[in-house]
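Asks: Before anything else, here's the structure in question.
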Amino acid sequence: MTEKGDKELLELETLRHSAAHVMADAVKRLFPEAKITIGPAIEEGFYYDFDFKRPFTQEDLAKIEKEMHGIVAAALPFVREEVTREKARGIFKAEPYKIEILEELPEGEPITIYRHGDFVDLCRGPHVKDTGKISAFKLMSVAGAYWRGDEKNAQLQRIYGTAFPSQAELDEHLVRLEEAAKRDHRKLGRDLDLYSTMDEYGGGLVLWHPKGGRIRDAIETFWKEQHYKNGYDILYTPHLGRATLWETSGHLDFYRDSMYSPMDIDGNDYFIKPMNCPFHIMVYKTQMRSYRDLPLRWAELGTVYRYEKSGVLHGLLRVRGFTQDDAHIICTPEQIDNEIREVLRFSMFMWKSFGFTDIKAYLATRPEKAVGEPERWDQAIAALKNAVTEEKLDYELDEGGGAFYGPKIDLKVRDALGREWQMTTIQFDFNLPERFDMNYIGADGQRHRPYMVHRALLGSLERFFGVLIEHYAGAFPTWLAPVQAVVISVSEAQSTYAAKVASILRERGVRVDVDDRNEKLGFKIREAQVKKVPYMLVVGGKEVESQAVAVRSRASGDLGAMPVAEFADRIVSEIAEKK
RNA sequence: GCCGAGAUAGCUCAGUCGGUAGAGCACAUGCAUGGUAAGCAUGAGGUCACGGGUUCGAUUCCCGUUCUCGGCUCCA
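Taking our numbering, the leading residue of the first sequence gets 172, the next gets one more, and so forth.
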């Protein structure tokens, strides 16, 4: 982030935070009995939480917006004032939430209030010069929210809004929201017949339809091929494990809330796995390991089940059963620098292959409460830092933000609409090797504790698929498209030839369908176009005559006729190049 | 789980101020044999989410339940 970017961001936040004040003012004017709480700027705009006896309706929102326009038109100046604690208590005597915040402010810190017109709010600021600066805003929605985000506290009414320096930027933002709605993977998933979820058999559990299955298979095939190329081996482990395993791993102590109830098998409790790592460790422990065996890189497309509250389930992005593209790297201290660098380089290669080029790293270091020797933490963090630096990745440091068992790098990828998604995690673990007493024999003939790194590259196939659908708006590149080409006959007379063309292409590994239905050409073209098939191969009398296909591309229209073999070469090389 | 809004055909939605429901797309059948984004006609398809109440009568009104969607992480 440049200095200029920082400054712009601050200005936008100031504008939005000021807009939140104007909204609170409008609400207090219309509903004097509403209690104000807090109203910060957020990534997409701003919100303000109110304690009010009934929920705000769409009509209320329209009224509030109108009232806000009045306040903006009046161009009331924002006035900063520093007050004593005593005076602030007087000003906010009718606002219990403000008093609560006030009482928590440390002694000695200046207490500031901001006024515009008759409205006054306890606020650190800063604000824009006057309310007239907030011309381009819009109220978006109402939602419930808990005081301080804690469900034990009072439920408040939260009004979301957004504001921009200019109307043009606001309009652009609204268009972007519409575009995002059009790309919603839940809508495209149904329209393109990719997957479904139904509460009929259980919410948050995904059915992959044939077309979604084709895409998943293309992803998995590429994934496996690349893992082998990069020195990984692939494991398969069970869906269930005995309670003793999860006791040793600590999951039953720390993670039980996210695990499903046990089932009884021959008098022992078994749990459905929420993670794959204990099984990989069990594989490690089947023999005595030498430093000469390390590093071990073991990957698995492992399906895990985790309990998620019903209210948070969301299409493919938040589910209860999902397949992690998991891997565990087990190595010696001398190897970690290289291993981390390699895993990061590999991750970047994979993201690029799937069409994501804007990637940012988030590095989280040692928290207060942590297990493992400090020297190991230091070495691990150094390895992570070296790797991001060598990959020339932008990164943010989250000092103390790591898990208790190790530091990590998360990668966030930006999609075609500029939205950031947290996908890859590269996570050190100083806990499990201890708990399972993992070791290897070093060159010195002594037992040593190996380093262990968890890595989920795409994250989960379900979530990755959801993001991929939205990134491409359903128009997958040819190598991923469920149907890569459809042969369309002009009339029934070309059915046999169409089938022949399809079988030639299938021989070459192309996913091809035949549409020889008794429909008009235009109708079949439209349908293929709507289904976002990359290539339409029209065959009529002329093509039969010349043993050719008339190629139409999804993106650039009619490309003219060419011999079948020529088209086959063309699409096969396109697929090989991951286009 | 909590707050709010919803639930009508496979999908998107209309409608009934209480008298057992409609459209477009999709599907089926027939006609049309068509050269680059929707040919024509006919038909089938609904416990109006589920349970209870009020009523002569409830898909419609009331209560409850289930599920879906938007939030519940952004902190003066």
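We treat Cβ as the ideally placed atom computed from N, Cα and C, and that holds for glycine.
Would L310 and L232 qualify as a contact pair, given that the criterion is a beta-carbon distance under 8 Å?
Replies: Yes, the pair counts as a contact, with Cβ atoms nearer than the cut-off.
Asks: Applying the 10 Å Cβ sphere with the 16-neighbour rule, what's the burial state of Y668?
Replies: The residue is buried, with at least 16 neighbouring Cβ atoms inside 10 Å.
Asks: Quick one: what does DSSP say L293 is sitting in, helix, strand or coil?
Replies: Three-state result, L293: strand.
Asks: Count the other C-beta atoms from every protein chain shown that fall within 10 angstroms of the C-beta of A352, then say buried if there are 16 or more, exposed otherwise.
Replies: Exposed, since its Cβ has fewer than 16 Cβ neighbours within 10 Å.
Asks: Since A190 and A334 are thought to touch, with beta carbons under 8 Å apart, how far apart are those beta carbons, to the nearest angstrom?
Replies: That pair is a contact at about 4 Å.
Asks: Grab the span of the alpha helix (DSSP H) containing M519 for me, first residue to last.
Replies: Residues I507 to S524.
Asks: Taking DSSP's pairing of strands, which residues face L628 in a bridge?
Replies: L628 pairs with nothing; no bridge assigned.
Asks: Classify K167 as helix, strand or coil using the three-state DSSP reduction.
Replies: Nothing about residue 167 can be read from this structure; the chain reaches only from 172 to 750.
Asks: Spatial neighbours of I209 within its chain, please: C-beta separation below 8 Å, excluding the five flanking residues on both sides.
Replies: Contacts found: Y219, D220, Y268 and I272.
Asks: Is A736 buried or exposed, if buried means 16 or more other CB atoms sit within 10 Å of its CB?
Replies: Burial call: exposed.
Asks: Is the region 490–500 in contact with the region 619–634, if contact means three or more CB pairs nearer than 8 Å?
Replies: Flag = yes, the region 490–500 and the region 619–634 touch.
Asks: Here's a check: name, in chain order, each residue in its chain whose Cβ is nearer than 6 Å to the Cβ of I405, leaving out the five neighbours to either side.
Replies: Closer than 6 Å at Cβ, skipping near neighbours: A470.
Asks: Can you tell me where the alpha helix (DSSP H) holding E349 begins and where it ends?
Replies: It spans Q338 to K353 - the alpha helix (DSSP H) in which E349 sits, taken as one unbroken run.
Asks: What are the partner residues of M369, as DSSP defines its beta bridges?
Replies: Note: M369 sits in a beta bridge opposite G373.
Asks: Following a CB-centred definition, is E253 positioned closer than 7 Å to any heavy atom of the ligand FMN?
Replies: The model depicted lacks the ligand FMN and carries no ligand whatsoever.
Asks: When you compare each of E505, M623 and L416 to A614 by their alpha carbons, which one comes out closest?
Replies: Ranking the options by Cα distance to A614, first place goes to E505.
Asks: What residue range does the beta strand (DSSP E) around A532 cover?
Replies: That run of the beta strand (DSSP E) goes I530 to A535.
Asks: Using beta-carbon positions only, say whether L487 and G637 come within less than 8 Å of one another.
Replies: Their beta carbons are under 8 Å apart, which means L487 touches G637 by this criterion.
Asks: Assign S518 to one of two classes, buried (16 or more other C-beta atoms within 10 Å of its C-beta) or exposed (fewer than that).
Replies: It is buried - the Cβ of S518 has at least 16 other Cβ atoms within 10 Å.
Asks: Nearest to R688 by CA position, among E698, E266, T595 and L416, is which residue?
Replies: For R688, the nearest C-alpha among the options comes from E698.
Asks: Just curious, the alpha helix (DSSP H) that G383 is in, first and last residue?
Replies: It spans P381 to K400 - the alpha helix (DSSP H) in which G383 sits, taken as one unbroken run.
Asks: Which residues in the same chain have their Cβ closer than 7 Å to the Cβ of A246, if we skip the five residues on either side of it in sequence?
Replies: So the list reads D301, T302 and G303, once near-sequence residues are dropped.
Asks: Have a look at the DSSP bridge pairing and note the partners of D774.
Replies: The requested residue 774 does not occur in the structure, where the chain is confined to residues 172 to 750.
Asks: Excluding the 5 residues preceding and the 5 following I640 in the sequence, name in chain order all residues of the same chain whose CB lies nearer than 6 Å to its CB.
Replies: H356 and L359, listed in sequence order.
Asks: Can you tell me whether E174 is buried or exposed? The criterion is at least 16 other CB atoms within 10 Å of its CB, across all chains shown.
Replies: Interpretation of E174 is limited by its pLDDT of 47, a score under 50 that renders its predicted location unreliable; the figure taken from the coordinates is listed afterwards. Classification for E174: exposed.
Asks: Considering only C-alpha positions, which residue in the set V483, T560, P604 and D686 is nearest to F450?
Replies: The residue with the shortest Cα to Cα distance from F450 is P604.
Asks: For P734, which residues from the same chain have a beta carbon less than 6 Å from its beta carbon, with the 5 sequence-adjacent residues on both sides left out?
Replies: Cβ within range, chain order: A719.
Asks: Using the Cα positions of S420 and R606, report the straight-line distance between them to the nearest angstrom.
Replies: So the two alpha carbons sit approximately 6 Å from each other.
Asks: Which of helix, strand or coil does DSSP assign to L708?
Replies: L708 falls in the strand class under three-state DSSP.
Asks: My assumption, with CB atoms under 8 Å, is that N584 sits in contact with W522. Please give the rounded CB distance.
Replies: This sequence places Val at residue 584; Asn is not what is there. Indeed, because the Cβ distance is near 6 Å, the residues count as touching under 8 Å.
Asks: For S461, name the three-state secondary structure that DSSP assigns.
Replies: In the structure shown, S461 sits in a strand (DSSP, three-state: E or B).
Asks: Pick out the complete beta strand (DSSP E) segments inside the region 600–665, 3 residues or longer, and give them in chain order.
Replies: DSSP runs (the beta strand (DSSP E)) wholly in the region 600–665: 622–631 and 656–660.
Asks: In this structure, does DSSP put M453 in helix, strand or coil?
Replies: Residue state, collapsed to three classes: helix.
Asks: Report the rounded CA-to-CA distance for D437 versus R413, giving the unit in angstroms.
Replies: When rounded, the distance between both Cα atoms is 11 Å.
Asks: Three or more C-beta pairs under 8 Å: does that hold for the region 702–714 against the region 652–667?
Replies: At 8 Å Cβ cutoff, the stretches touch.
Asks: Could you tell me how far apart the beta carbons of A646 and R723 are, in whole angstroms, since I believe they sit closer than 8 Å?
Replies: No, A646 and R723 are not in contact; Cβ-Cβ is about 15 Å, not under 8 Å.
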